[in-house]
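In the order they appear, the protein sequences are chains A, B, C and D. The first sequence begins at 56 in the working numbering and counts up one residue at a time. The second sequence begins at 56 in the working numbering and counts up one residue at a time. The third sequence begins at 56 in the working numbering and counts up one residue at a time. The fourth sequence begins at 56 in the working numbering and counts up one residue at a time. Just so it is clear, CB atoms sit at the ideal spot from N, CA and C, and this is done for glycine as well.
Protein chains: 4
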Amino acid sequence: VNFASDNVYGVHPKIMSAIVEANLPLTETSYCHDEGSKQAEMELSRIFEKDVKAFLVLNGTGANSLALSAIAPPYGAVFCHEESHIATDECAAPELFTGGTKLVHLRGSAAKFSAETFKTSIGMTGGRGEHGPKPSAVSISNVSELGAVYSLPEMAAIAKIAKQHDMRVHLDGARFANALVSLNCSPAEMTWKSGVDVLSFGGTKNGAMMLEAVVFFDPILAKDFLHRRKRGAQHLSKGRYLSAQMIAYLKDGLWLENARTSNARAKSLAGWINQIPDVRISQPVQANEVFAYMPKTLYEDLEREGVHFYEWPVEDAQPGETHVRFVLSFATPEQDVERFGALVKKLI
Amino acid sequence: VNFASDNVYGVHPKIMSAIVEANLPLTETSYCHDEGSKQAEMELSRIFEKDVKAFLVLNGTGANSLALSAIAPPYGAVFCHEESHIATDECAAPELFTGGTKLVHLRGSAAKFSAETFKTSIGMTGGRGEHGPKPSAVSISNVSELGAVYSLPEMAAIAKIAKQHDMRVHLDGARFANALVSLNCSPAEMTWKSGVDVLSFGGTKNGAMMLEAVVFFDPILAKDFLHRRKRGAQHLSKGRYLSAQMIAYLKDGLWLENARTSNARAKSLAGWINQIPDVRISQPVQANEVFAYMPKTLYEDLEREGVHFYEWPVEDAQPGETHVRFVLSFATPEQDVERFGALVKKLI
Amino acid sequence: VNFASDNVYGVHPKIMSAIVEANLPLTETSYCHDEGSKQAEMELSRIFEKDVKAFLVLNGTGANSLALSAIAPPYGAVFCHEESHIATDECAAPELFTGGTKLVHLRGSAAKFSAETFKTSIGMTGGRGEHGPKPSAVSISNVSELGAVYSLPEMAAIAKIAKQHDMRVHLDGARFANALVSLNCSPAEMTWKSGVDVLSFGGTKNGAMMLEAVVFFDPILAKDFLHRRKRGAQHLSKGRYLSAQMIAYLKDGLWLENARTSNARAKSLAGWINQIPDVRISQPVQANEVFAYMPKTLYEDLEREGVHFYEWPVEDAQPGETHVRFVLSFATPEQDVERFGALVKKLI
Amino acid sequence: VNFASDNVYGVHPKIMSAIVEANLPLTETSYCHDEGSKQAEMELSRIFEKDVKAFLVLNGTGANSLALSAIAPPYGAVFCHEESHIATDECAAPELFTGGTKLVHLRGSAAKFSAETFKTSIGMTGGRGEHGPKPSAVSISNVSELGAVYSLPEMAAIAKIAKQHDMRVHLDGARFANALVSLNCSPAEMTWKSGVDVLSFGGTKNGAMMLEAVVFFDPILAKDFLHRRKRGAQHLSKGRYLSAQMIAYLKDGLWLENARTSNARAKSLAGWINQIPDVRISQPVQANEVFAYMPKTLYEDLEREGVHFYEWPVEDAQPGETHVRFVLSFATPEQDVERFGALVKKLI
């Protein structure tokens, strides 16, 4: 039973088949100039109801870091939640790829920040003139790093503040599909119609092998992005294995189906957890993750029983208590959730 | 009447004389390999009671940024207060000169953080393994960005945590002299005896034209620092004008005398302010700065009357209120403080 | 008929099978901490007859750039051939990942430089003291960018100069296997026994999907490399698909077999070319590439007939002439070489 | 007798006086927002017959590196002579400040490159598409690193090629005044009328203490340059001491007078050298430097006699011979040149 991460699960069979099929042609144009890459961009344009510029890259850290480099100068500031993935879990890759752009950290519950908090922070940073980094962009994570989902009005409010200050909007969509099915809206609504300029469109966590796309809704931002991707070593020379994944991922709504499954698993797990005394769900369960406070001893017992999930340290845990994260995948068997429930009942 | 910054005041006459005298020799070795630079290093060694490696540089931003680059790798984390100068007022120069090292922001009143807060944060960042930047160094500002002074035990406690985690300790001493005379200790006690590995030793704010030194107490850290300084464009080709300043600054305790004067001016100003109803001093007055909450209208009236000082935004100001900073210089006339007092009495 | 690049060909069936099999376990530890990654490191240690530290990464640009970042400081100089891949074809990724390390360009025929040239250049750069970047490392490409192979004595002579100057040695082995079978020596002889400290061990061009390893022969250099890889976005979260490739690549000498095939194809093609009047082979054919001067019209005719290969501009081409590159893959059909020969005969 | 560098000489008395006078006002606006800085910009606009944006900075390395950062992206290429100061003598500071922009090295005699060479190199680099850095800017040094001067048609031809490729033109004018009086043209002719977009306008070598300006002829390029300068630690907090230098430097043509003097000294020295058998002047003497081949023993004898100047290694020196550089300053006494002449006569 493994709730450690979306990434401990493998590749969806349909995507694996696509990879295998991509191997059939004896030769194919290299460096992501293959026909499949063009088709992938067209598919994304169709889905987003807009002519997008889309670049396939190798992982989420690469997607986020390169996307930010395209919208913030090295002397700029990117506003993001202090617990966001770019701020905490990418080993300062954004600082590398942007050339040292400052991430300004915002606070807010459930790893979401409000438009108001954002606005105040722009004032503080921008008020310093050239002594502070120049407010240049904002990065929203939807799903947030604590499994919560920004509503469309919340996103639009943040984007509005950004536009008022001539700033650009990035959306970290490592779990884009999970947020989308949770919001039950269209991809266009969740992105450019809400003011998003560039999106890290994630596929790896949701069934691909390694697949992210940097999707630009404003083509001017995509200028020279081929150079950026190459320089960031985020291209694949045998690019056909990337484009094949994207095409399969989008085909017949596989991406949405997977996200619906993993979100449902999270709801299911949350249902079990709600029945456990001494365990408190700490964040809204709106996508495919569950966060909870739990007695440290229970955590250890569960690990011993072969249930894998991570402690996720927070400062306000009580003595004897730990804070934990459960991640549910499209591939997490429903029985594993039930096995977990049964086990907890036994242990309590 | 000008309390805007230490930097609005000029150069101390003795230092200006030294600059003029440095012009007398027809030629002098360039690029800071002059005899004066060696002498400056010797003087600093004498003052710090240790053979230091000292490099003269051009400003505080350069000193801090280069010092950090010598103790933290690009994939590392430097812990500092969220309101510290390196975090807020150097336009991400530390990120530039270090190659993207992450500044991890710590909280605490008076722009000081505690050893405990520091320790917790190391655990949070370091616990992420390679997903987070590697805890590498800590930067203490003494005087703090809000005019407060770390006691020696406070500094030592932070340094102890750092050493336990194999991290290095930087001291931002842009107002080193002001902290030193406030603490009434020796330079050695305030630095290497408290666990400091490298110091940004400030002179500009305290009477020089442009003069900072990066002082290494552990010579191993100074390796290749000539390259770092050159690459950071922080050398002076006609280096004699830097070394002459340092020698004059240290001679006969001029640096301490200047700091005593400016600190005394701050105490004096704080005395006046304490008499004003509706104005509340917000930070401990321990060096040459005074911070206070003040009715916005009073601030505007004072500016109109030709009293210059800056608003210093904080989030907890009351409606109708602003938060302000007064900086006192060795050159601030005592009468200006009195004039301020008289003016306030008139306005209230 | 496609001689454009090794990368236009696909994945070797055995490696594709390994990828498919890697998908079988429901879950696997993520972020390259899987058992397969450990096994891959062990296999590499076996092959190199030394306990190496090996890190799987995503492409050659990433491998080279990260490897260099581990052996040269940002203020350092890396010496390399002016036509080397890191100098010309990685869009300054080495400069990005190293934080701005200077590549000092060396000249020499066949994209190889001599120990003597290297030594002279160290003197020129190092003689500038802190005004020049610090000579820190040398990067040898074997196979060279023009298809030639350094002999073991040539490599050892360069490495010897490096060691005398306290510099480190990097080997760009994007076509390591091709050089190895050409030299008919052991992997140990071609690397650490010749003075190499760190190797970019290539797999992609020789049959993998995306597979390179940074292999350290001196473990001290591998310090914090997990952080470097993460920060460079060169990890794969679902790392099992990388390690499976490496294991399959090394198994039963597949890597050597593929390289022998592609090298043989190049010899075969060179044989045909030698029979064509007006076409002159320009570089030693020692691995899987052939470079030649060719009438521009012939090049255009061949492209029109569906034979794909690239022009490779050089400054000394004659009027009416172009310089071209043919790359042969393990997967290039022998018949394609023959078809090329027949076609040329017809066209001439 | 010292011909080592322009920087071994001191500050011109008029400039030193200006610095001393700048100390008179009790307070002055800091961080280069003083009235003097505005006046300096106006003076530069007058001299260049155009409304320029001018930013005072601290040294030539800073000026060049920041200027390049404003005209070339991190994934770009800046073309320059392989012996130019930015390529060899700034310890890769341009790579630091630009975030890793590639310097593409051009060849040519007297450290000058031709428009033709430049054009060919653009083709080679640009032809690689995203695999090579994007051709973005060109940097001309006038005076060149070997003391030669580009004619106006030579500069214009290079700039024309640049414009045809949508590239920007930087002029490294560390010795701008020396080139200007040598060309006997107007500042406008030597800059924007010849196609220059941004100039590093040098003052330090020609009589100032530390004084360079980054001068933009196209105001759009100056966008956010205050941020760039701050982040690069190239501002002076007590900016009045910079602006005072610039105003004095330009006043009554002091800058031109100094340059005429130093150029004349070089001609005079060259005259002496031409009379020495076994010593051959190696470069055109067009500004304030003389380069020559010289018997190594003669060099050593001269140094022993107290004549200081540097060896300047070149690859084509004959056995027993060294290549040397003499730099003449506005402050080099005419008698020192004569003393040198007399001494050489004695030694030969």
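The continuous stretches of beta strand (DSSP E) do not include LYS167 (chain B), and DSSP gives it neither H nor E. Taking the Cα positions, GLY308 (chain D) is about 16 angstroms away from GLU96 (chain D). PRO149 (chain D) is outside the set of residues whose beta carbon lies under 9 angstroms from a beta carbon in chain A. For VAL236 (chain A), the enclosing alpha helix (DSSP H) has its first and last residue at 231-238.
Residues of chain B whose Cβ lies closer than 7 angstroms to the Cβ of CYS146 (chain A) are, in chain order, TYR130, GLU185, HIS186, GLY187 and PRO188. Here DSSP, grouped into helix, strand and coil, assigns LYS189 (chain D) to strand. DSSP places LEU254 (chain D) within a strand segment (E or B) once states are collapsed to three. Distance check between TYR86 (chain B) and each of B:LYS260, B:ASP61, B:ALA372 and B:LEU113 places B:LEU113 closest, using alpha-carbon atoms only.
Judged by DSSP secondary structure, ARG223 (chain D) falls within the beta strand (DSSP E) whose first and last residues are 223-228.
A buried status is given to PRO129 (chain B), since no fewer than 16 other beta-carbon atoms sit within 10 Å of its beta-carbon. Using a Cβ-Cβ cut-off of 8 angstroms, GLU83 (chain C) is close to VAL63 and GLY65 of chain A, given in chain order. Using a CB distance cut-off of 9 angstroms, ASN57 (chain A) counts as an interface residue toward chain C.
Counting every other CB atom within 10 Å of its CB across the protein chains shown gives ILE195 (chain C) a total of 16 or more, marking it as buried.
Residue contact with chain A for LEU281 (chain D): present (Cβ-Cβ distance below 9 angstroms to some residue of chain A).
Inclusion of GLU145 (chain D) and ALA166 (chain D) in the CB contact set at 9 angstroms is not warranted, their separation being larger than that value. Under the 9 angstroms criterion on CB atoms, THR180 (chain D) is classed as interfacial with respect to chain C. The beta carbon of LYS322 (chain C) sits closer than 7 angstroms to those of VAL340, all from its chain and outside the five residues before and after it, given in chain order.
Checking the DSSP bridge columns, you'll see ILE336 (chain D) partnered with D:ALA347. According to the DSSP assignment, GLU96 (chain B) belongs to the alpha helix (DSSP H) that extends over 90-103. Setting aside the 5 residues that flank it on each side, VAL392 (chain B) is surrounded in the same chain by ARG320, SER323, LEU324, TRP327 and LEU383, each with a C-beta closer than 8 angstroms to its C-beta; the list follows chain order. Residues of chain B with a Cβ closer than 8 angstroms to the Cβ of THR259 (chain D) are, in chain order, SER292 and LYS293. Here TYR296 (chain A) is not near MET301 (chain C), since their CB atoms are 9 angstroms or more apart. Per the DSSP secondary-structure output, ALA268 (chain D) pairs in a beta bridge with D:LEU111 and D:PHE256.
The three-state secondary structure of ARG162 (chain C), taken from DSSP, is coil. Taking a Cβ-Cβ cut-off of 7 angstroms, the neighbours of GLY155 (chain C) in chain D comprise ALA147, GLU150, LEU151 and GLY155, given in sequence order. Neighbours of THR246 (chain A) in chain B, taken as residues at a C-beta separation under 9 angstroms, are lacking, since the least C-beta distance is about 27 angstroms.
Ranked by how close their Cα comes to the Cα of MET349 (chain D), the residues D:GLY361, D:PHE381 and D:PHE385 have D:PHE381 in first place. Counting along the chain, ALA59 (chain C) sits inside no beta strand (DSSP E), nor does DSSP assign it H or E at all. Sequence-distant Cβ neighbours of VAL334 (chain A) in its own chain, meaning closer than 6 angstroms and more than five residues away, are ILE328, ALA347 and MET349. With the rule of 3 Cβ pairs closer than 8 angstroms, the segment 209-226 of chain D counts as touching the segment 250-269 of chain D. Less than 9 angstroms separates the beta-carbon of ALA142 (chain D) from that of HIS160 (chain D).
Taking a Cβ-Cβ threshold of 7 angstroms, none of the residues of chain B is close to TYR354 (chain D); the smallest such distance is about 19 angstroms. Listed along the chain, the chain C residues whose CB falls inside 9 angstroms of the CB of ARG286 (chain B) are PRO129, TYR130, GLY155, GLU185 and PRO188.
Measuring C-alpha to C-alpha distances from PHE168 (chain C) to each of C:ARG283, C:GLU209, C:ALA263 and C:GLY375 identifies C:GLU209 as the nearest. For GLN94 (chain C), not one C-beta of chain A is nearer than 9 angstroms to its own C-beta. Taking a beta-carbon distance threshold of 9 angstroms, TYR365 (chain A) does not count as an interface residue toward chain D.
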